[in-house]
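K.L.:
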Amino acid sequence: MEQPFWDLPVRLIHWLLPALIAFSWWSVHNHHIDWHIWSGLAILTLLVFRLLWGFVGSSTARWSSFVRGPRAVTDYLRGRWIGIGHTPLGALSVIAMFVALVVQVGLGLISEDEDGLYTGPLYRLVSIDTSDNARDLHELWFNVILGLIVLHIAAIIFYRLRGKKLTKPMITGRAVLSPGAQPMRPGKWWATLICLALAIGITRWVIAGAPPL
Amino acid sequence: MPIVRIALASIALLAVTATAATVRVSGPKAAQVMHERHEGMEAIGKAFKVLRREFDSGSPAVPMVRTSAAQIANLAKRSSGWYPAGTGPDVAKTGAKPEIWQSPQDFAAKLSAFQKASLIFNAAAASGDMNAAKARYADLGGTCKACHDKYRTEMHH
Chain A
32 MEQPFWDLPV
42 RLIHWLLPAL
52 IAFSWWSVHN
62 HHIDWHIWSG
72 LAILTLLVFR
82 LLWGFVGSST
92 ARWSSFVRGP
102 RAVTDYLRGR
112 WIGIGHTPLG
122 ALSVIAMFVA
132 LVVQVGLGLI
142 SEDEDGLYTG
152 PLYRLVSIDT
162 SDNARDLHEL
172 WFNVILGLIV
182 LHIAAIIFYR
192 LRGKKLTKPM
202 ITGRAVLSPG
212 AQPMRPGKWW
222 ATLICLALAI
232 GITRWVIAGA
242 PPL
Chain B
84 MPIVRIALAS
94 IALLAVTATA
104 ATVRVSGPKA
114 AQVMHERHEG
124 MEAIGKAFKV
134 LRREFDSGSP
144 AVPMVRTSAA
154 QIANLAKRSS
164 GWYPAGTGPD
174 VAKTGAKPEI
184 WQSPQDFAAK
194 LSAFQKASLI
204 FNAAAASGDM
214 NAAKARYADL
224 GGTCKACHDK
234 YRTEMHH
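Line order of the protein sequences matches chains A and B.
The opening position of the first sequence corresponds to residue 32 in our numbering, with each subsequent residue numbered one higher.
The opening position of the second sequence corresponds to residue 84 in our numbering, with each subsequent residue numbered one higher.
1. Between the C-alpha atoms of V125/A and A228/A, what's the straight-line distance to the nearest angstrom?
2. Using 8 Å for Cβ pairs, my map puts A222/A next to F80/A. What's the rounded Cβ distance?
3. Could you tell me which whole alpha helix (DSSP H) segments of length 4 or greater appear in the stretch 135–175 of chain B?
4. Tell me the DSSP bridge mates of A179/B?
5. Tell me, to the nearest whole angstrom, how far the beta carbon of I115/A is from that of A212/A; I am working on the premise that it is less than 8 Å.
6. So, helix, strand or coil for Q34/A, using DSSP?
7. Excluding sequence positions up to five away, which residues of its chain have a Cβ less than 6 Å from the Cβ of T150/A?
8. By how many angstroms is the C-alpha of T234/A removed from the C-alpha of G204/A?
9. Out of A206/B, T226/B, A209/B and A179/B, state which residue places its alpha-carbon closest to the alpha-carbon of E237/B.
10. Can you give me the C-alpha to C-alpha distance between P214/A and W46/A, rounded to a whole angstrom?
11. Grouping DSSP H, G and I as helix and E and B as strand, with all else coil, what is H221/B?
12. Give a yes or no on whether 9 Å exceeds the smallest Cβ distance from E33/A to chain B.
13. Kindly list the residues whose CB is nearer than 6 Å to the CB of W84/A, restricted to its own chain and excluding five residues on each side of it in sequence; keep chain order.
14. Looking at the structure shown, is R111/A part of a helix, part of a strand, or coil, going by DSSP?
15. Looking only at DSSP bridge pairs, what is V133/A linked to?
16. Could you tell me whether any Cβ in chain B is nearer than 9 Å to the Cβ of S58/A?
17. Rounded to the nearest angstrom, what separates Q185/B and G123/B at their Cα positions?
18. Tell me which residues share the same chain as A196/B and place their Cβ nearer than 6 Å to its Cβ, disregarding the 5 neighbours each side in the sequence.
19. Within this structure, are the beta carbons of V116/B and G164/B separated by less than 9 Å?
20. Mind pulling the chain B residues with CB within less than 8 Å of I159/A?
21. Counting only runs that start and end within the stretch 144–226 of chain A, where is the beta strand (DSSP E) found for 3 or more residues in a row?
22. My output table needs one value for R107/B: the three-state DSSP class, helix, strand or coil.
23. Report the residue ranges of all beta strand (DSSP E) runs contained in full by the stretch 33–86 of chain A; include only those spanning at least 3 residues, in chain order.
24. What are the residues in the stretch 180–195 of chain B lying within 8 Å of chain A by C-beta distance?
25. How long is the line joining the alpha carbons of R42/A and T150/B, rounded to whole angstroms?
26. Could you give the distance in angstroms between the alpha-carbon of S210/B and the alpha-carbon of A221/B?
27. What residues in its chain sit with their C-beta under 7 Å from that of F138/B, if we drop five residues either side in the sequence?
28. So the candidates are L123/A, G100/A, P35/A and L132/A; which of them puts its Cα closest to the Cα of L78/A?
29. With respect to the alpha helix (DSSP H) encompassing S142/A, which residues constitute its N-terminal and C-terminal limits?
30. Got a sec, what are the start and stop residues for the alpha helix (DSSP H) P187/B sits in?
31. Report back the beta-carbon spacing between L82/A and A127/A to the nearest angstrom; my notes put them in contact at under 8 Å.
32. Excluding the 5 residues preceding and the 5 following H121/B in the sequence, name in chain order all residues of the same chain whose CB lies nearer than 6 Å to its CB.
33. Have a look at G224/B and D65/A and give me their C-alpha separation to the nearest angstrom.
34. Based on Cα-Cα distance, which residue from Q34/A, S209/A and I52/A lies nearest to N31/A?
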């Protein structure tokens, strides 16, 4: 029988990210730098929300449930891991993706385009040279994100070949659990609203150029 | 009368730009033009970024705005000689697209719009009215974008 596995915010963020990443890529290559910047700010909102949700969200959304040491990873590789949510190995990929996106958004926020026509909202915190370098790095760093996406998809295919379907639970939020595993404990609906309000508030503050509070 | 000066300068510019893309150069001359173009465009970009920071600061430093505006107007004037035929991507690495020489009239019109906007912005900066200067600066940026969207590729160096 299928039981709760991923909560709704986790799934929404999961699918919004590739959509926004694709849109960011498309818009910047088609002279829509303004849309590109808004897309990045939407990603920033998702990242802030996800960070907070990782402390108060459902059991499988929490950092504490999947950020583990190397021993957990070796245990998992030896088949001695029981649980639901991100596996100790998959968690490494999640953390890498999260950090890579934080770096990418951070670089974008202080960047300016080659002509000085468009700027990230925090460009004034750094010098012109730093802004220009940040833009070049921002472009290079996209390859790191692409690499992680390829790895992610390769892992899904690998598990699929071994008979484990990972995509469907990320859509429906439900999965058949392995024996002995506890189903997901949901987060509070009002905690979702607080995280969302904070994420939007912080993003708006960044858009305003991060003025002193 | 700055308006008259701008008008006269614009006419002179139009006369020059009309021939810009029809002259052909080659060899060391082409390399020299492409180098000057690259350095010139980079300097315009740099001045534009300096101005952006000034205007966004809320209290722009007038001398800084005037210097950068004059620099852009000066380089814009010289840009008429930056696009002779024979300086495209088939000759050497450049961000200039071949379309420049395929639609010379449209390109000349866009270059001329940029040059005019640079003069108008320079006049506004010289007047010391920073609100007017900021508005003309935005107009100038529009002429950069109009041309770059169509005639420049992303170039890495």
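Note that beta-carbon positions come from the ideal geometry of N, C-alpha and C, so glycine has one too.
P.N.:
This is what the structure gives:
1. Rounded to whole angstroms, V125/A to A228/A spans 24 Å at the Cα level.
2. Contact doesn't hold; Cβ gap of about 11 Å is too wide.
3. Taking only runs of at least 4 residues, the alpha helix (DSSP H) segments lying wholly in the stretch 135–175 of chain B are 145–161.
4. Beta-bridge pairing links A179/B to R235/B.
5. Yes, I115/A and A212/A are in contact; Cβ-Cβ is about 5 Å, under 8 Å.
6. Strand, per DSSP.
7. Closer than 6 Å at the Cβ level, and outside the excluded window around T150/A, lie E143.
8. Each residue's alpha carbon lies about 28 Å from the other.
9. For E237/B, the nearest C-alpha among the options comes from A179/B.
10. Taking the straight line from one Cα to the other gives about 22 Å.
11. Note that residue 221/B is Ala in the sequence shown here, rather than His. In the three-state reduction of the DSSP assignment, A221/B falls in the helix class, which pools H, G and I.
12. With 9 Å as the cut-off, E33/A does not count as an interface residue toward chain B.
13. Excluding its 5 nearest sequence neighbours in each direction, W84/A has C-beta neighbours in its own chain below 6 Å: P40, A92 and C226, listed in chain order.
14. The three-state secondary structure of R111/A, taken from DSSP, is coil.
15. According to DSSP, V133/A shares a beta bridge with no other residue.
16. Interface criterion not met: the Cβ of S58/A is under 9 Å from no Cβ in chain B.
17. Approximately 23 Å between the Cα atoms of the pair.
18. Excluding five sequence positions before and after A196/B, the CB atoms of its chain that fall closer than 6 Å to its own CB belong to T226, given in chain order.
19. Taking 9 Å as the cut-off, the Cβ atoms of V116/B and G164/B count as close.
20. Those within 8 Å of I159/A in chain B are K129, K132, V133 and R136.
21. Taken in chain order, the complete beta strand (DSSP E) segments of 3 residues or longer contained in the stretch 144–226 of chain A are 205–207.
22. Collapsing the DSSP output to three states places R107/B in a strand.
23. Counting whole runs of 3 or more residues, the stretch 33–86 of chain A contains the beta strand (DSSP E) stretches 33–35.
24. Listed by position along the chain: nothing, the set is empty.
25. Their backbone Cα atoms lie some 53 Å apart in a straight line.
26. If you take the alpha carbons of S210/B and A221/B, they lie about 17 Å apart.
27. Answer for F138/B: K217 and Y220, listed in chain order.
28. For L78/A, the closest of L123/A, G100/A, P35/A and L132/A by C-alpha to C-alpha distance is L132/A.
29. Counting along the chain, S142/A falls outside any alpha helix (DSSP H), and DSSP gives it neither H nor E.
30. Residues P187 to S210.
31. The pair is not a contact, with the Cβ atoms about 15 Å apart (cut-off 8 Å).
32. None.
33. Distance between the alpha carbons of G224/B and D65/A is about 14 Å.
34. Because chain A here runs from 32 to 244, residue 31/A falls outside it and cannot be looked at.
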